[in-house]
Amino acid sequence: MLDHNPNFVLSVEGLTVSFDGFKAVDDLSFYVEPNECRVIIGPNGAGKTTVLDLICGRTRATSGSVNFKGNELLTMREDQIVHAGVGRKFQTPSVYEDLTVFENLELSYPHGYSVFGALTFRRNDTVKLRIQEIAETIFLDTLLEEKAAYLSHGQKQWLEIGMLLIQDPELLMLDEPVAGMSVAERRKTAELLNKIITDRSVIVIEHDMGFVADIATRVTVLHQGKTLSEGSMERVQSDPKVIEVYLGH
Amino acid sequence: MSIASNRLFTRQDIIGFAVLAAVVFIVLPLTLDSFRLNLFGKYLTYAFVAVGLVLCWGAGGILSLGQGVFFGLGGYCMAMFLKLEASTPENTAIQSTPGIPDFMDWNQLTALPWWWEPFNTLTFALLAVVAVPVMFAFIIGVAMFRRRVGGVYFAIITQAFAAILTILIIGQQGFTGGVNGITDLRTLQGWDIRTDAAKETLYYVNGVLLFSCLLIAQFVRKSKLGRLLIAMRDQEDRVRFSGYDVASFKIFIFCLGAAFAGIGGAMFTLQVGFMSPTLVGIVPSIEMVIFCAVGGRLSIIGAVYGALLVNWAKTSLSESFPELWLFGLGGLFIAVVMLFPNGLAGLYADHVAPRIDRLLSRKSADVGPADDTARAAAE
Numbered sequence: 008m009l010d011h012n013p014n015f016v017l018s019v020e021g022l023t024v025s026f027d028g029f030k031a032v033d034d035l036s037f038y039v040e041p042n043e044c045r046v047i048i049g050p051n052g053a054g055k056t057t058v059l060d061l062i063c064g065r066t067r068a069t070s071g072s073v074n075f076k077g078n079e080l081l082t083m084r085e086d087q088i089v090h091a092g093v094g095r096k097f098q099t100p101s102v103y104e105d106l107t108v109f110e111n112l113e114l115s116y117p118h119g120y121s122v123f124g125a126l127t128f129r130r131n132d133t134v135k136l137r138i139q140e141i142a143e144t145i146f147l148d149t150l151l152e153e154k155a156a157y158l159s160h161g162q163k164q165w166l167e168i169g170m171l172l173i174q175d176p177e178l179l180m181l182d183e184p185v186a187g188m189s190v191a192e193r194r195k196t197a198e199l200l201n202k203i204i205t206d207r208s209v210i211v212i213e214h215d216m217g218f219v220a221d222i223a224t225r226v227t228v229l230h231q232g233k234t235l236s237e238g239s240m241e242r243v244q245s246d247p248k249v250i251e252v253y254l255g256h
Numbered sequence: 570m571s572i573a574s575n576r577l578f579t580r581q582d583i584i585g586f587a588v589l590a591a592v593v594f595i596v597l598p599l600t601l602d603s604f605r606l607n608l609f610g611k612y613l614t615y616a617f618v619a620v621g622l623v624l625c626w627g628a629g630g631i632l633s634l635g636q637g638v639f640f641g642l643g644g645y646c647m648a649m650f651l652k653l654e655a656s657t658p659e660n661t662a663i664q665s666t667p668g669i670p671d672f673m674d675w676n677q678l679t680a681l682p683w684w685w686e687p688f689n690t691l692t693f694a695l696l697a698v699v700a701v702p703v704m705f706a707f708i709i710g711v712a713m714f715r716r717r718v719g720g721v722y723f724a725i726i727t728q729a730f731a732a733i734l735t736i737l738i739i740g741q742q743g744f745t746g747g748v749n750g751i752t753d754l755r756t757l758q759g760w761d762i763r764t765d766a767a768k769e770t771l772y773y774v775n776g777v778l779l780f781s782c783l784l785i786a787q788f789v790r791k792s793k794l795g796r797l798l799i800a801m802r803d804q805e806d807r808v809r810f811s812g813y814d815v816a817s818f819k820i821f822i823f824c825l826g827a828a829f830a831g832i833g834g835a836m837f838t839l840q841v842g843f844m845s846p847t848l849v850g851i852v853p854s855i856e857m858v859i860f861c862a863v864g865g866r867l868s869i870i871g872a873v874y875g876a877l878l879v880n881w882a883k884t885s886l887s888e889s890f891p892e893l894w895l896f897g898l899g900g901l902f903i904a905v906v907m908l909f910p911n912g913l914a915g916l917y918a919d920h921v922a923p924r925i926d927r928l929l930s931r932k933s934a935d936v937g938p939a940d941d942t943a944r945a946a947a948e
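In the order they appear, the protein sequences are chains P and Y. Residue 170 in the working numbering sits at position 163 of the first sequence, with consecutive numbering throughout. Residue 764 in the working numbering sits at position 195 of the second sequence, with consecutive numbering throughout.
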C-alpha cells in the first residue's frame, strides 16, 4: 500500500466489508483531492451509505485502508475520527428534537468534549457569535430559540449541515442532503452546499441527477460494492455501463 | 430557555426549590410528631435515589433497575461503622469472642474480617459511603457502556446485579449479618442516634444533604453536560459523530446517581437504625424507579415529591390493607405510564405553572415593566 500521498485528502484503498459473507463493499479504492466535491451515485444497495459508515467508523471494515491526511481511520474511535476533521451527516435528519436550534448548534461547537469540559463549558460571546454566523448560513437565524422538533424536514436537514459546519471539518460527508425536500428547498440547499464546499473536501451521496450536476467536481458510480465508473459528470453520464445499470432506469 | 441567559435557576426553578424547602424544613417538622417525622425522614432518603434516577433515566435515558445496590452499599458502609462502635468488648462480654459484631460471633467467626477493619474510623466510613457505590457503578458502567450495552439490556443487567448482591449478602451471614441485616445500631461517635432529639437532628441533616444533591443535580442539568444527556437520549449516534465519547458521559452520570443513592442509604441507616438486604434487591430497586416516575422523571423536584407521596401512601395503605398495597402500587405505575407520563411534575408544568407565571407577570406589570423585559434590558 502506498504511503500517504499529500495530493489527496482522503485515500481509500482496497476497502472491503463483508456481512456474513456478503460483500457490501468489495475492494473499493478512490481518492479525494483537497477542495473536491465528490458525489457517489448508484442503485439501491450499491453500498453508498456503507462507504460513509466505514470512513466515519460506524461500521468496522473487514480489510483495506482509509487514510485521511496521514491518519489511518480504520483503527480510530468515532469521536477521534471527528477530531481528526471528518464530519458526517446522516440520511435521515438527526437533530436533537428536544433542544432548541441554538442548543443543537452549541452542542456541536468544537469545545468541551470531555466530561469536565462539558460541566464547565460557558456560553461566551465567541460561541454565540459563531452560532449566529452558522445560523445565518443555514437560513435558520430567526429560529434559534425554536425547538428542533418544530422545524420542517428541510430545515432539520439544514440544521444538521450547520451542526457539521460549526466544527469546520476538512472532510464533510453528506448522505442524501436533499432527500424529501421541496423544489425551493433543493435550490436553496444547492446554493448552501456550493457556498460551504469551497474550502473543504466533500463527499455527497445523491440520487437527484440535476442536483449532482450542480455540485459535483467528480462522480463515482458504485454498483454491488465496486466502482463501476468514475470521472466528470459528462463522462459518467455517457458511460454505457452506467446507463445500463443505473441511469437507464 | 433564552440564548442570552443560561441561568442556573429560572423563576420556576426558584419557586420549586423554595416550596420544597418550606415543605421539608418547616411544614413537615411543624405538623408531624417525632415518630412520623422520622418516617418522612426515611422516605426522603429514597428521594436521593429518585433524584439520581432523574439524571440517569429522565435526562440520559439510562434506566437502571438496580439503584437499590448503591443505596444498600452506602447504607451498609454506614452500618458497618455503627455496628463496630456498638460492639465494644464491654457490650459484647457474653460472646465467645467479645469485641466483634454479634452476628459474627453467632456464625463462629473468631476475628474481625480484614475488610471490616477500616470501618473502625468514621472518616473512612463516610468516604466509603460515597466511594464504594461510585466504584461499583464505575465498574458496571465501564463494562456496559464501553460495550454499548443500553436500553432494556442494561436495565435487566442492573436488575441481575441487585439480585446477585442480595444473594451474596444473605449467603455470607457471618460477614454481613445475613437476611437480618446489620441491626442494633446505637451510637455515632458516642452520640445516641436512637433518641427523639437525635432523630430530629438527623432529619435536618438529611434535608440539608438532599438539598446539596439537588443543587449538584441542578448544576449538572443546566450545564452543557445536561443538554448532552438529552441529546444522547434522543440521537446517540449524532452525539458520537459530533466528537463526543458517549460512554464516558454515561459512566459519569451513572456514577453520580450511585453517589446520591449511597448518601441516601447511609442516611437511611442512621435514621432507621438498621440496614438489611430487603433494601438492596429487585423489589426496592423497582420501587425507587416508581417513586421517580410518579414524581416525574424529568424533574428533580418532582422526584422528591414522588418519593414522599408513594411512601406515605404505602405506609397508610399497608397499615389498613396490607395485602392490597402491591396491587395499588402496580395500578399507580400503570396509571402514571398511561395517563401522565411525566408524573406529578408534568401535571404541575402543564396546569399549575402557567397560571403562576401569568399571576406573577400581572403583578410585576402593575409595579413596573414586566420581569422578563427588565431582565432582557439588563442583558
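The C-beta atom is built at its ideal place from N, Cα and C for all residues, glycine as well.
Asked, Found
"Status (buried if at least 16 other CB within 10 Å, exposed otherwise) for F890/Y", "exposed"
"Endpoints, the beta strand (DSSP E) within which T23/P is located", "L17 to F26"
"Residue nearest to P117/P in terms of C-alpha spacing, selected from D86/P, S36/P, A197/P and Q164/P", "D86/P"
"CA nearest to the CA of G720/Y, picked from W684/Y, E892/Y and I631/Y", "I631/Y"
"Backbone CA spacing between G831/Y and K819/Y [nearest angstrom]", "18 Å"
"CB contact below 7 Å: F26/P versus chain Y", "no"
"Host alpha helix (DSSP H) of Q876/Y (start-end)", "The sequence shown places Ala at residue 876/Y, rather than the Gln named in the question. Where A876/Y is concerned, the enclosing alpha helix (DSSP H) stretches over I869 to S889."
"Residue burial classification, E140/P (beta-carbon count within 10 angstroms, cutoff 16)", "exposed"
"Validate contact between the stretch 200-210 of chain P and the stretch 218-228 of chain P using beta carbons, cut 8 Å, 3 pairs", "yes"
"Residue from Y813/Y, L916/Y and K768/Y with nearest C-alpha to P598/Y", "K768/Y"
"For T38/P: DSSP bridge partner residues", "The identity of residue 38/P in the sequence shown is Tyr, whereas the question assumes Thr. Per DSSP, S18/P."
"Status (buried if at least 16 other CB within 10 Å, exposed otherwise) for M907/Y", "exposed"
"Members of the stretch 810-832 of chain Y that neighbour chain P once the beta carbon cut-off is set at 7 Å", "F810, S811, G812, Y813, D814, S817, F818 and F821"
"According to DSSP, residues forming a beta bridge with T579/Y", "Answer by DSSP bridge pairing: none, since T579/Y is not bridged."
"Host alpha helix (DSSP H) of M170/P (start-end)", "H160 to L172"
"Chain P contacts made by the stretch 797-808 of chain Y, where a contact means CB separation under 7 Å", "L797, I799, A800, D803, Q804, D806 and R807"
"Per DSSP, the bridge partner or partners of F29/P", "F26/P"
"Spatial neighbours of L878/Y in its chain, beta-carbon cut-off 8 Å, leaving aside the 5 residues before and after", "V863, G864 and L913"
"Residues bridged to D761/Y (per DSSP)", "T756/Y"
"Cβ-based neighbour list, A943/Y, same chain, cut-off 6 Å, excluding 5 preceding and 5 following", "Because A943/Y sits at a pLDDT of 41, beneath the cut-off of 50, its placement in the model cannot be relied upon, and the following sentence gives the value as read from the coordinates. Closer than 6 Å at Cβ, skipping near neighbours: no residue."
"Helix, strand or coil at V122/P according to DSSP, with G and I counted as helix", "helix"
"Beta-carbon neighbours of S115/P, restricted to chain Y and to distances below 7 Å", "S811"
"Cβ pair count under 8 Å reaching 3, the stretch 119-127 of chain P against the stretch 791-804 of chain Y", "yes"
"Proximity test, Cβ basis, 7 Å: K791/Y and chain P", "no"
"Proximity test, Cβ basis, 7 Å: L126/P and chain Y", "yes"
"Cutoff 7 Å: D86/P Cβ touching any chain Y Cβ", "yes"
"Nearest-angstrom Cα separation, counted from I708/Y out to T764/Y", "39 Å"
"Exposure label - R576/Y; buried when at least 16 CB within 10 Å", "exposed"
"8 Å contact criterion, which C625/Y and S633/Y should meet: CB distance rounded", "6 Å"
"CB contact below 7 Å: L784/Y versus chain P", "no"
"Buried or exposed (CB count within 10 angstroms, at least 16 for buried), N14/P", "exposed"
"Beta-carbon contacts of E43/P that lie in its chain and below 6 Å, excluding the five residues immediately before and after", "S208 and T224"
"Endpoints, alpha helix (DSSP H) assigned at E198/P", "V190 to I203"
"Per-residue contacts from L624/Y into chain P (C-beta, under 8 Å)", "Those within 8 Å of L624/Y in chain P number zero; the least Cβ separation is about 13 Å."
"Burial state of T838/Y, where buried means 16 or more other Cβ atoms lie within 10 Å", "buried"
"For N676/Y, three-class secondary structure by DSSP", "coil"
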